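Working notes for the structure below.
There are 4 protein chains.
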Amino acid sequence: MKLTILIHCPDQSGIIRAVTTFIYEQDGNVVYLDQHVDKQAGVFFMRLECEFELEQSLDNFSREFEKKLAFNFQMDWDIYSDDYRPRMALFVSKYKHCLYDLLTRHSAGELQVDIPIVLSNHPDLEPIANQFAIPYYHIPVTKETKEGAEEKQLQLLKEHQVDFIVLARYMQIVSPTIINAFPQKIINIHHSFLPAFAGAKPYHAAFERGVKIIGATSHYVTEELDAGPIIEQDVARVSHSHSIQDLIAKGRDLERLVLSRAVHFHVARKTIVYNNKTVVFS
Amino acid sequence: MKLTILIHCPDQSGIIRAVTTFIYEQDGNVVYLDQHVDKQAGVFFMRLECEFELEQSLDNFSREFEKKLAFNFQMDWDIYSDDYRPRMALFVSKYKHCLYDLLTRHSAGELQVDIPIVLSNHPDLEPIANQFAIPYYHIPVTKETKEGAEEKQLQLLKEHQVDFIVLARYMQIVSPTIINAFPQKIINIHHSFLPAFAGAKPYHAAFERGVKIIGATSHYVTEELDAGPIIEQDVARVSHSHSIQDLIAKGRDLERLVLSRAVHFHVARKTIVYNNKTVVFS
Amino acid sequence: MKLTILIHCPDQSGIIRAVTTFIYEQDGNVVYLDQHVDKQAGVFFMRLECEFELEQSLDNFSREFEKKLAFNFQMDWDIYSDDYRPRMALFVSKYKHCLYDLLTRHSAGELQVDIPIVLSNHPDLEPIANQFAIPYYHIPVTKETKEGAEEKQLQLLKEHQVDFIVLARYMQIVSPTIINAFPQKIINIHHSFLPAFAGAKPYHAAFERGVKIIGATSHYVTEELDAGPIIEQDVARVSHSHSIQDLIAKGRDLERLVLSRAVHFHVARKTIVYNNKTVVFS
Amino acid sequence: MKLTILIHCPDQSGIIRAVTTFIYEQDGNVVYLDQHVDKQAGVFFMRLECEFELEQSLDNFSREFEKKLAFNFQMDWDIYSDDYRPRMALFVSKYKHCLYDLLTRHSAGELQVDIPIVLSNHPDLEPIANQFAIPYYHIPVTKETKEGAEEKQLQLLKEHQVDFIVLARYMQIVSPTIINAFPQKIINIHHSFLPAFAGAKPYHAAFERGVKIIGATSHYVTEELDAGPIIEQDVARVSHSHSIQDLIAKGRDLERLVLSRAVHFHVARKTIVYNNKTVVFS
Numbered sequence: 003m004k005l006t007i008l009i010h011c012p013d014q015s016g017i018i019r020a021v022t023t024f025i026y027e028q029d030g031n032v033v034y035l036d037q038h039v040d041k042q043a044g045v046f047f048m049r050l051e052c053e054f055e056l057e058q059s060l061d062n063f064s065r066e067f068e069k070k071l072a073f074n075f076q077m078d079w080d081i082y083s084d085d086y087r088p089r090m091a092l093f094v095s096k097y098k099h100c101l102y103d104l105l106t107r108h109s110a111g112e113l114q115v116d117i118p119i120v121l122s123n124h125p126d127l128e129p130i131a132n133q134f135a136i137p138y139y140h141i142p143v144t145k146e147t148k149e150g151a152e153e154k155q156l157q158l159l160k161e162h163q164v165d166f167i168v169l170a171r172y173m174q175i176v177s178p179t180i181i182n183a184f185p186q187k188i189i190n191i192h193h194s195f196l197p198a199f200a201g202a203k204p205y206h207a208a209f210e211r212g213v214k215i216i217g218a219t220s221h222y223v224t225e226e227l228d229a230g231p232i233i234e235q236d237v238a239r240v241s242h243s244h245s246i247q248d249l250i251a252k253g254r255d256l257e258r259l260v261l262s263r264a265v266h267f268h269v270a271r272k273t274i275v276y277n278n279k280t281v282v283f284s
Numbered sequence: 003m004k005l006t007i008l009i010h011c012p013d014q015s016g017i018i019r020a021v022t023t024f025i026y027e028q029d030g031n032v033v034y035l036d037q038h039v040d041k042q043a044g045v046f047f048m049r050l051e052c053e054f055e056l057e058q059s060l061d062n063f064s065r066e067f068e069k070k071l072a073f074n075f076q077m078d079w080d081i082y083s084d085d086y087r088p089r090m091a092l093f094v095s096k097y098k099h100c101l102y103d104l105l106t107r108h109s110a111g112e113l114q115v116d117i118p119i120v121l122s123n124h125p126d127l128e129p130i131a132n133q134f135a136i137p138y139y140h141i142p143v144t145k146e147t148k149e150g151a152e153e154k155q156l157q158l159l160k161e162h163q164v165d166f167i168v169l170a171r172y173m174q175i176v177s178p179t180i181i182n183a184f185p186q187k188i189i190n191i192h193h194s195f196l197p198a199f200a201g202a203k204p205y206h207a208a209f210e211r212g213v214k215i216i217g218a219t220s221h222y223v224t225e226e227l228d229a230g231p232i233i234e235q236d237v238a239r240v241s242h243s244h245s246i247q248d249l250i251a252k253g254r255d256l257e258r259l260v261l262s263r264a265v266h267f268h269v270a271r272k273t274i275v276y277n278n279k280t281v282v283f284s
Numbered sequence: 003m004k005l006t007i008l009i010h011c012p013d014q015s016g017i018i019r020a021v022t023t024f025i026y027e028q029d030g031n032v033v034y035l036d037q038h039v040d041k042q043a044g045v046f047f048m049r050l051e052c053e054f055e056l057e058q059s060l061d062n063f064s065r066e067f068e069k070k071l072a073f074n075f076q077m078d079w080d081i082y083s084d085d086y087r088p089r090m091a092l093f094v095s096k097y098k099h100c101l102y103d104l105l106t107r108h109s110a111g112e113l114q115v116d117i118p119i120v121l122s123n124h125p126d127l128e129p130i131a132n133q134f135a136i137p138y139y140h141i142p143v144t145k146e147t148k149e150g151a152e153e154k155q156l157q158l159l160k161e162h163q164v165d166f167i168v169l170a171r172y173m174q175i176v177s178p179t180i181i182n183a184f185p186q187k188i189i190n191i192h193h194s195f196l197p198a199f200a201g202a203k204p205y206h207a208a209f210e211r212g213v214k215i216i217g218a219t220s221h222y223v224t225e226e227l228d229a230g231p232i233i234e235q236d237v238a239r240v241s242h243s244h245s246i247q248d249l250i251a252k253g254r255d256l257e258r259l260v261l262s263r264a265v266h267f268h269v270a271r272k273t274i275v276y277n278n279k280t281v282v283f284s
Numbered sequence: 003m004k005l006t007i008l009i010h011c012p013d014q015s016g017i018i019r020a021v022t023t024f025i026y027e028q029d030g031n032v033v034y035l036d037q038h039v040d041k042q043a044g045v046f047f048m049r050l051e052c053e054f055e056l057e058q059s060l061d062n063f064s065r066e067f068e069k070k071l072a073f074n075f076q077m078d079w080d081i082y083s084d085d086y087r088p089r090m091a092l093f094v095s096k097y098k099h100c101l102y103d104l105l106t107r108h109s110a111g112e113l114q115v116d117i118p119i120v121l122s123n124h125p126d127l128e129p130i131a132n133q134f135a136i137p138y139y140h141i142p143v144t145k146e147t148k149e150g151a152e153e154k155q156l157q158l159l160k161e162h163q164v165d166f167i168v169l170a171r172y173m174q175i176v177s178p179t180i181i182n183a184f185p186q187k188i189i190n191i192h193h194s195f196l197p198a199f200a201g202a203k204p205y206h207a208a209f210e211r212g213v214k215i216i217g218a219t220s221h222y223v224t225e226e227l228d229a230g231p232i233i234e235q236d237v238a239r240v241s242h243s244h245s246i247q248d249l250i251a252k253g254r255d256l257e258r259l260v261l262s263r264a265v266h267f268h269v270a271r272k273t274i275v276y277n278n279k280t281v282v283f284s
């Protein structure tokens, strides 16, 4: 059995020693350890992977962890077993590239998740979901129907036991109802180098400003638009010779890469959110 | 003799043919030609380098160019002779890295300019100017003395026949008096990926926002702070593990590179400003 | 009608003027022009796009071009009409990622080609071709059957009027028979930063050498293995913490990007091959 | 007092626990810990920074470390105190840019080293050393005088208590005599993306091959030319439009950056050499 443990707590002396000693006493072997201290905030972060020869009950282990370790150090913690395959829902609109990218990665065995559903406010991308045999639900969203639509979405997410949501160029604002049901579990891709060009039409704004580099940003969704904790960013060089259409085309490659990396980090339990920022372990 | 010609004018048919025919009739040979059309704005841009076996009078050539070519096509144009070495003034404050970078590049023969003066509101960097035998003028600037200080600056710039100014981390806002005397001839380095984090303390702001990439931007100075036409940008990857001090250290390398590239583009007559954006020819 | 013209010829005075004058006399309008001179080799390269209001016969235009222009300047030239959509064959083996990437880009309208066939020495990827409704031919290749297999391949390529071939991680060496039938029309993706790590297992070799950056290279296929003219390269940073498996996973993203960019350059008629190198116009 | 500890040893269970417990028992506090396991080689690597409120004798600490910890785990280890400022010698030839870069960084307080001497086989750069008040020794090297020259070099290095050597574009091959006196303590900058273009004139070779990206590599010097453990690499995009001179100019910026980063990693005790590769901790 292999467990991944994520911890953050007030910084203090002796944490690593205490945790590694605990793992040792549980007959485990630490195979990866990375830690970070935010000295400004006085917070300690750690990610461990440990292997156990004997089968362990995850519940049991977690209870002991809380009692003997986490309580003393006032830890926020999560423990994940490698046995479990997280379940990811995709929200899409009309853009094909991110949906195609995630489905082909999944199909090629690059993404260790199950994808029980694709949800959309438009019917357009249903053929793509069909190509990959993923159920597609078309739930139209208008100003008037938004509340009801989100209830339907929530119900589907619950039915399909979804663990986290990826907004793969879903062009709608997700309401607090859904955000609160999936705290730090909704990953968005924004097509700019945030915080520059938040909001609508970032490629148009980038063209207007005459930037020499464009970007894409993947972040956890919070109530404030495009202001959640950034997971991953990347950029591409552009010049005066690129039209808005060129920026959009170049941007598609950035969006694909940045979103898939952010999903990978999330799935591999490499992210901790703190103070509206992320620690992303290597 | 070698001339570099920069042109922009309303887009229309036949410009390249007309210009290359004109050069031919003047017994010149085009050795480089790059052009660009901004289709949204309907503007044509071109940069040519042409060589002449016979000595030409630049004045004569320019007069013919205006009469036979520029007038018809409503061209904005500049013609530069490679004989002339532009004169660059450096404005600095207390940061050493950009000053050192430009002076060592100059001293190593990488920058085809003369540097008649370094101006500063502080005395701190005088020893560095001395190391490279460049006259250093310390002109203190306070709220009360700003007007007088800028008059002194202007006078020195005039005396030393300065062609363009580089703000090498000069931490003062330059007033319209100077900007208007050197339109599109003042190059600033801003230590962020503009338009993100304009204004003061961009590394602190980047740290606060938790970005995964930081940047630096070189731009021509206009009256609106950090909003002038961008000449060059570059970025570096950062992570949660970098403190503000780390960002500042990483940023120094970006600032050096981006500023020196922008100066190089300007000196090589590769930039045209239009609509608060730049065309930077390759 | 829109034509793209690619030219290279001995460098000499007056070429641009002659070409633009010719286009003008044919009632055409130059909408893009880029040129390059290789001063070492004394060769002039140019790419033009020009539009014609009146319909032109491509044959006619080409004949005039040859007679009035190309002959005098000893030009090698190609003229392409935007009307024609090039036909691309994909050769694959067992790796899914490049095949998926090209098929999804094609399906999303990002690639202006037709894809009449996918050829493979293995049956494994047939389901993917089926997903996208592209005919898939499984032609096994062994040492003994190679000659016959290539004849079958050539016949299929001919039947389907294929213009160029993309080796999307096709793990076989293509023989001179096919190379000579498609000169400078076979695009390969090699999973290293050439010329480093040519040949088999480049990620293993990169790991062994301890490089801090890995790469991928797309090139036209010539008889010498991995030594053809490079079209595009890109790189990604790695560290001691990456295993060979990590390099392979990171490399997949590079391979996808670099191959799709090379295909794009080829399809947009932006490449000229000369001296075993490429000019790739912007 | 602050100590930095570098360890590598056969991988086995319990190392982190043992080390952190040892630090705890010495009244120390771990403020940074990074570890890595090379699973292929079965080797464990670790870097720790720990602070001690009470003054410690480094000798004492090291003795205890060896006795109670290192012996059992068969550790190779180094312990460095932050009190000590390493002493760096620069070897140069005729190129100015890397020498200028390191001296200005040192002068601006960016490099935590002392620079007691600059050695060169040419007199050309003496004025630069003088600008920064660093003693410069001109020791001509010819085939015949090489042995004697290296003896002089070794003597100077000894006299000035040099800890490590930086070959800042020193265009001579360093002989085993010096390499063995400074094992894994000589840092070279090679102006290519190794292993591509090892040896002489790499920019010429890169131009010839038509690569689209050039690079620079910093490595520890071993007896085999350009084949030592790589510390850092970086790259820059080039195109057909760049001449060899352009590659050389672009390359200077790469060389400056890559060499200064490698020096920084070495000085900050972030590198461990193993199997002709480096672990470079973050």
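Chains as they are written, first to last, in the numbering used here: chain A, 3 to 284; chain B, 3 to 284; chain C, 3 to 284; chain D, 3 to 284.
All residues carry an ideal CB built from backbone N, CA and C; glycine is no exception.
Computed from a prediction, not measured in an experiment: that's the story for all the values here.
Would Thr179 of chain D be called buried (16 or more neighbouring beta carbons within 10 Å of its own) or exposed?
Exposed, because fewer than 16 other Cβ atoms sit within 10 Å of the Cβ of Thr179 of chain D.
Sheet register partners of Arg49 of chain A (DSSP bridge):
Within the DSSP bridge table, the entry for Arg49 of chain A names A:Leu8 and A:Asp36 as partners.
Spatial neighbours of Lys187 of chain D in its chain, beta-carbon cut-off 6 Å, leaving aside the 5 residues before and after
Excluding positions up to five away in sequence, the list reads Phe166.
Could you tell me which chain B residues have their CB closer than 7 Å to the CB of Asn74 of chain C, listed as they occur along the chain?
In chain B, no part has a C-beta under 7 Å from the C-beta of Asn74 of chain C; the shortest such distance is about 15 Å.
Output the distance between the C-alpha atoms of His38 of chain A and Val281 of chain A, rounded to the nearest integer angstrom.
Spanning the two alpha carbons is a distance of roughly 8 Å.
Which partner residues does Ile250 of chain D have in the DSSP bridge list?
According to DSSP, Ile250 of chain D bridges with nothing at all.
For Ala91 of chain A, tell me which candidate among A:His99, A:Leu105 and A:Asn277 has the shortest Cα-Cα distance.
The residue with the shortest Cα to Cα distance from Ala91 of chain A is A:Leu105.
Val33 of chain C touches chain D at which residues, Cβ-Cβ below 9 Å?
Close partners of Val33 of chain C in chain D (Cβ separation under 9 Å) are lacking, with about 21 Å as the shortest Cβ gap.
By the criterion of Cβ-Cβ separation under 7 Å, what are the contact partners of Glu234 of chain C in chain D?
Neighbours of Glu234 of chain C in chain D, taken as residues at a C-beta separation under 7 Å, are given in chain order as Lys214.
Any C-beta of chain B sitting closer than 8 Å to the C-beta of Thr6 of chain A?
Residue-level contact by beta carbon fails for Thr6 of chain A and chain B, as no gap is shorter than 8 Å.
By Cβ distance, which residues of its chain are closer than 8 Å to Thr224 of chain D, with the 5 residues on each side in sequence left out?
The answer, listed in chain order, is Ile181, Gly230, Pro231 and Asn278.
Other residues of its chain near Arg107 of chain D: CB distance less than 8 Å, five sequence neighbours each side excluded:
Excluding the 5 residues flanking it on each side, Arg107 of chain D has same chain C-beta neighbours closer than 8 Å at Leu113 and Ser262, in chain order.
Using the beta-carbon of each residue, which ones in chain B are nearer than 9 Å to Arg211 of chain A?
Per Cβ cutoff of 9 Å: Leu196, Pro197, Ala229, Ile232, Asn278 and Lys279.
Taking Cβ-Cβ distances below 8 Å as the criterion, which residues of the region 12-41 of chain C are in contact with chain D?
From the region 12-41 of chain C, only His38, Asp40 and Lys41 have a Cβ closer than 8 Å to chain D.
Supposed contact pair Ile119 of chain A and Tyr97 of chain A - C-beta distance, whole angstroms, cut 8 Å
Separation of the CB atoms of Tyr97 of chain A and Ile119 of chain A is rounded to 18 Å, and the pair is thereby denied contact status at 8 Å.
Any idea what DSSP makes of Asn277 of chain B, helix, strand or coil?
In this structure, Asn277 of chain B counts as coil in the three-state DSSP scheme.
Contacting residues, own chain, Cβ-Cβ under 8 Å from Asp84 of chain A (five flanking each side not counted):
Around Asp84 of chain A: Met3, Lys4, Leu5 and Thr6.
Looking only at its chain, what residues have a beta carbon closer than 7 Å to the beta carbon of Asn31 of chain C, apart from the 5 residues adjacent to it on each side?
Cβ within range, chain order: Cys52 and Glu53.
Helix, strand or coil for Arg65 of chain B per DSSP?
For Arg65 of chain B, the three-state secondary structure derived from DSSP is helix.
Cβ contact (3+ pairs, closer than 8 Å) linking the region 253-262 of chain B and the region 11-19 of chain C:
With contact defined as three or more Cβ pairs closer than 8 Å, the region 253-262 of chain B and the region 11-19 of chain C are not in contact.
Is there at least one Cβ from chain C nearer than 8 Å to Asp80 of chain A's Cβ?
Asp80 of chain A has a beta carbon lying at 8 Å or more from every beta carbon in chain C.
Chain C contact for Ala242 of chain D (CB, 8 Å cutoff)
Going by the sequence as given, residue 242 of chain D is His instead of Ala. Cβ-Cβ to chain C under 8 Å: yes for His242 of chain D.
Considering Tyr102 of chain D, what are the terminal residues of the alpha helix (DSSP H) in which it resides?
That run of the alpha helix (DSSP H) goes His99 to Ser109.
Chain-ordered chain C contacts of His99 of chain A [CB-CB under 7 Å]
Within chain C, the residues whose beta carbon sits less than 7 Å from that of His99 of chain A are Ala110, listed in sequence order.
What are the start and end residues of each continuous beta strand (DSSP E) run of 3 or more residues lying completely inside the region 180-247 of chain D, in chain order?
Listed in chain order, the complete beta strand (DSSP E) runs (minimum 3 residues) inside the region 180-247 of chain D are 188-192, 215-222 and 232-239.
If you follow the alpha helix (DSSP H) that Val21 of chain D is part of, which residue opens it and which one closes it?
It spans Ile17 to Glu27 - the alpha helix (DSSP H) in which Val21 of chain D sits, taken as one unbroken run.
What residue does the alpha helix (DSSP H) around Ala131 of chain B start on, and which one ends it?
That run of the alpha helix (DSSP H) goes Glu128 to Gln133.
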